[in-house]
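Peer 1: Handing you this structure, nothing more for now.
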Amino acid sequence: MTDTEHFRALETMYLAASINRIYKPTIAVAEGRADIEIEIAEKFFHAAGAVHGSVYFKMLDDAAYFAANSLEREFFLLTASFTTYLTHPITSGVVKSVGTVGTRTGRQFIAESVAYNSDGQEIGRGNGLFVRGKCPLRDVAGYGRPQRTTALGRKQTGKWNMFVRDGLGWTRYQAISTPKYISTRCLSWMYSFNTGLR
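Mapping the sequence shown onto this note's numbering, position 101 (from 1) lands on 102, and the numbers just tick up by one.
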């Protein structure tokens, strides 16, 4: 996989995340950099009528994270810590966050990000530590695989067979069931699927 293919695969992975159905962002990843934009909507507001701080955090963390993961070709990174500074409220327009990598030491990356409103005014900034996880990028939903379908097979000795179909074919996972949900384990990374099982 070339650098450009890796960057496009990260973009696909980001857009495939369920949470981004709410925010509907755009993303552009380059070497050591990520740019993310969302259009502000009233559903992002707190009770006083401005964008909630969690939206700032998501935009800043996501941009810094993907800037860092642009330099890691094999594994999914994890946010170990992230500090956020909110400097200006926003109620409309487009928010753009720009993430860049400061330093890389072995398995750790230090990255920062700045968020801007539609006028280019800084509205927040953040910095964080990102560490290499144990889950290979190739096993992460959406990494270079835009079409995915999930099917559950029969229960066998307390486990379920879960099959995920993407552009490369079907992949089989073992999923441990509980009365409320099924979870699958991708090395150290846990994904949960609410199935309504009784």
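Just so you know, even glycine gets a beta-carbon here, dropped at the ideal spot from N, CA and C. These numbers were taken from a predicted model, which means no experiment stands behind them.
(1) Which word fits GLY125, buried or exposed, when buried means at least 16 other C-beta atoms lie within 10 angstroms of its C-beta?
(2) For LEU87, which residues from the same chain have a beta carbon less than 8 Å from its beta carbon, with the 5 sequence-adjacent residues on both sides left out?
(3) Please name the residue in ARG34, ALA42 and PRO90 whose C-alpha comes closest to that of ILE23.
(4) Tell me whether the beta-carbon of GLU38 lies closer than 8 Å to the beta-carbon of VAL96.
(5) Report the residue ranges of all beta strand (DSSP E) runs contained in full by the segment 24 to 62; include only those spanning at least 3 residues, in chain order.
(6) Looking at the unbroken beta strand (DSSP E) that takes in ARG105, where does it start and where does it end?
(7) To which residues does DSSP link GLY134 through a beta bridge?
(8) Return the chain-ordered list of same chain residues with a C-beta closer than 6 Å to the C-beta of GLY50, the five sequence neighbours on each side being excluded.
(9) Can you grab the Cα-Cα spacing for the pair MET60 / GLN109, in whole Å?
(10) Mapping the DSSP letters down to three states, classify ASN21 as helix, strand or coil.
Peer 2: On the basis of the data shown:
(1) buried
(2) GLY54, TYR57, ILE124 and GLY125
(3) ALA42
(4) yes
(5) 27 to 31 and 34 to 40
(6) 95 to 106
(7) According to DSSP, which records beta bridges pairwise, GLY134 is partnered with nothing at all.
(8) none
(9) 21 Å
(10) helix
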